[in-house]
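Undergrad: Quick note on numbering: the working numbering labels position 380 of the sequence shown as 1420, and the sequence is numbered without any gaps. Have a look at this one before I ask anything.
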Amino acid sequence: MSERNIPYKIYLEENEMPKAWYNLRADMKNKPAPLLNPGTLKPMTADELRPVFCDELIKQELDDTTAFFEIPEEIRNFYKMYRPSPLVRAYCLEEKLQTPAKIYYKFEGNNTSGSHKLNSAIAQAYYAKKQGLKGVTTETGAGQWGTALSMACSYFDLDCKVYMVKVSYEQKPFRREVMRTYGASVTPSPSAETEVGKRILEKHPGTTGSLGCAISEAVEKATTTEGYRYVLGSVLNQVLLHQSVIGLEAKAALDKYDIKADIIIGCAGGGSNLGGLIAPFMGEKLRGENDYRIIAVEPASCPSFTRGKYAYDFCDTGMVCPLAKMYTLGSDFIPAPNHAGGLRYHGMSSTLSQLYDDGLMEAVSVQQTDVFKAAEYFARVEGILPAPESSHAIRVAIDEALKCKETGEEKTIVFGLTGTGYFDMVAYQKFHDGEMENYIPSDAEIAESLSKLPVVE
Ligand SMILES: *Cc1c(COP(=O)(O)O)cnc(C)c1O
């Protein structure tokens, strides 16, 4: 019996927490396309990645065949502070909607960082520490990833340098101060600390920054500072691997009560929470053991899946990172200001991109005001104040439940509630004051940024 055929349950602890992460790529017939060296256009080797990423994480990144990776005990001990996370039956929501559908959500907001990002942050900090590094660098947009990484680094006594998109640095002082509370140093990006930052400042004086630009700065800092490596909170295969704890726990809880999900829904920024939530379910689907409808939800203002192109593209603005094949809007695409900051990345995980291209999952885009209507509805009936990102999944879960009401079908819907929205009250305020706008990029705008995709023969 090959390793992947062993029931995942042997990898569960008595408290139903996973002892191993599940690598969905092992069960994919069409593997996600490899990262390419932007100079040679050849697949990146482990040696080429070593100056940027931690050794153990590179192994996880490049491994398409090992189905299970044991979770080191130190990481499992940290997970125990806030895991297993609750899988909640949304009885009040079902009743309010008068739907025959059964709705469940897996809630990842029960930790100080307020989102699922801590699941991967703690793993990445652990491997950096084990390698004897002094610290790590990263970027953060809205601030959730930077917050999670600061917590993880302080736990393992690692230095943490965060480049925070300038506009968020100025508009989200509370996130910034949480990071500093956990000992991280936070620099507004673009900065004069790096060559790429200086170049961008010269070309665009007064710019308020972007995620792609902050990534370039963080990578440069890591590769030019002794004892540092760069870490990333989404998109990469290793991040999806760590986030599989979400799906493994959800599956264990559903199996325990003999519940079979019909529809699984998650919001998609870079794809890590969705990739983690669906992992064991998609694994069953790929092996022909079960079928599920899987739906990715993205903002209409940044529609990588629904309007992007499946092609190799740069991961960052400064073009210092490897090329990734993904559904992308072009690395030049600057989404309109949107309150779901965590969903504003121009590309999508290459694993999810391949699954979507193979027709194994669906994607829909939703407008901002519809998302906040769903967020407020959910807060009032279920009590949890959701993050704007998570509320994209709530919107579509409600829409699917309402369809069941029309057809009378008793479907079981599971969605990922990735985090809380306490740091997003300015967005809620705009919504309440009727000042929130919907923005949909024009075809011409998207075509323009796609015209600059790198040429990969
Ligand atoms: C970052 C973030 C997301 C989106 O990131 P993915 O990698 O697509 O999961 C979703 N929800 C919350 C609360 C986030 O912080």
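All C-beta atoms in this analysis are idealised placements derived from N, C-alpha and C, irrespective of residue type, glycine included. Because the structure is a prediction, the values reported are computed rather than measured.
#1: Apply the 10 Å Cβ neighbour rule to T1391 and answer buried if 16 or more other Cβ atoms are within range, or exposed otherwise.
#2: Would V1176 and Y1062 qualify as a contact pair, given that the criterion is a beta-carbon distance under 9 angstroms?
#3: Which same chain residues end up closer than 6 angstroms to A1224 when comparing Cβ atoms and leaving out the 5 residues on each side of it in sequence?
#4: Could you give the distance in angstroms between the alpha-carbon of Y1051 and the alpha-carbon of G1370?
#5: For the beta strand (DSSP E) containing Y1350, list its first residue and its last residue.
#6: Going by CA-CA distance only, name the one from V1411, E1056 and G1423 that's closest to E1429.
#7: So is the beta-carbon of N1313 under 8 angstroms away from any non-hydrogen atom of ligand 1?
#8: I need the DSSP call for Y1122, collapsed to helix, strand or coil.
#9: Following a CB-centred definition, is G1323 positioned closer than 8 angstroms to any heavy atom of ligand 1?
#10: If H1432 and E1338 are in contact, beta carbons under 8 angstroms, what's the gap, nearest whole angstrom?
#11: Let me know the secondary structure DSSP gives D1372 once reduced to three states.
#12: On a Cα-Cα basis, can you pick out the residue from N1150, K1325 and I1111 that is closest to T1458?
#13: I'd like to check one pair, Q1184 with A1287: are the Cβ atoms closer than 9 angstroms?
#14: Starting from the C-beta of Q1278, find all residues in its chain whose C-beta is less than 7 angstroms away, skip the five residues before and the five after it, and write them out in chain order.
#15: In three-state DSSP terms, what is P1320?
#16: Within its chain, find whatever has a CB closer than 6 angstroms to the CB of K1238; leave out the 5 residues flanking it on each side and keep chain order.
#17: Per DSSP, which residues does V1128 bridge with? Please list them.
#18: For F1418 and Y1144, what's the separation of their Cα atoms in angstroms?
TA: Based on what the coordinates show:
#1: The residue is buried, with at least 16 neighbouring Cβ atoms inside 10 Å.
#2: no
#3: The residues S1190, C1200 and V1202, in chain order, have a CB closer than 6 angstroms to that of A1224 in the same chain once the five nearest residues on each side in sequence are set aside.
#4: Between the C-alpha atoms of Y1051 and G1370 there is a straight-line separation of about 39 angstroms.
#5: K1349 to F1354
#6: Among V1411, E1056 and G1423, the Cα nearest to that of E1429 is on V1411.
#7: Checking the Cβ of N1313 against ligand 1 gives yes.
#8: coil
#9: no
#10: 7 angstroms
#11: coil
#12: N1150
#13: At residue 1287 the sequence reads Gly, which differs from the Ala that was named. Not closer than 9 angstroms, so no.
#14: L1097, Q1100 and E1101
#15: helix
#16: A1232
#17: Y1145
#18: 13 angstroms
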